[in-house]
Amino acid sequence: MSTENYLGMSRENGAAVAGLAHIQQSIRDILLTPLGTRVMRRTYGSLLSALIGQPQNAALRLQIMSACYLAILQWEPRITLTDISFDASTFDGGMVITLTGSRTDTAQGFSLTVPVS
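For the sequence shown, this note's numbering begins at 25 and goes up steadily by one.
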């Protein structure tokens with residue numbers, strides 16, 4: 025199946041989105057949707073919501089990377105990830121995940137930052 029024909033709707037303004045913009049919107053949706061909350065598709069989403077608020081240590085870092093990788097591997101066939109990193113603020117407990125990878129159809133690189141808390 026060709027992946028360049030995906031067309032979606034912007035969640036912010038209702039305009040049509042395609043290409044890398046659609047992929048980035050899909051990744052955000054996958055990561056920010058808690059597992060078990062999508063009716064008729066209970067396995068859609070990620071475990072990130074369960075990890076937010078946990079003590080920030082090395083084990084949590086690995087769990088966050090794993091949750092991101094597994095969710096994207098399962099639900100976003102248009103990309104291949106090369107790096108997952110995150111920055112946690114010690115001031116307000118906020119967390120930002122940065123994903124780096126490439127599209128599988130064009131090998132075009134991308135970097136995406138997703139605030140998760």
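No residue lacks a Cβ here, since even glycine has one placed at the ideal position from N, Cα and C. If you're wondering where the values come from, they're calculated on a predicted model, not measured in any experiment.
Just the Cα atoms here: how many angstroms apart are residue i and residue j?
i, j, result
"residue 100", "residue 119", "22 Å"
"residue 32", "residue 42", "6 Å"
"residue 94", "residue 37", "29 Å"
"residue 62", "residue 70", "11 Å"
"residue 5", "residue 58", "Any answer about residue 5 is impossible in this case: the structure gives the chain only from 25 up to 141."
"residue 121", "residue 82", "15 Å"
"residue 84", "residue 68", "21 Å"
Is residue i helix, strand or coil when you go by DSSP?
i, result
"residue 55", "helix"
"residue 39", "coil"
"residue 135", "strand"
Measuring CB to CB, does residue i end up less than 8 Å from residue j?
i, j, result
"residue 40", "residue 80", "no"
"residue 77", "residue 106", "no"
"residue 55", "residue 92", "yes"
"residue 103", "residue 89", "no"
"residue 75", "residue 87", "yes"
Verify the CB distance criterion: does residue i have a CB-CB separation below 8 Å to chain C?
i, result
"residue 126", "Given the protein chain composition of this structure (a single chain), no chain C is represented."
The region 37 to 53 / the region 131 to 139 touching (three or more Cβ pairs under 8 Å) = yes
**Prompt:** What residue ranges within the region 59 to 125 form continuous beta strand (DSSP E) runs of no fewer than 3 residues, ordered along the chain?
**Reply:** 103 to 112
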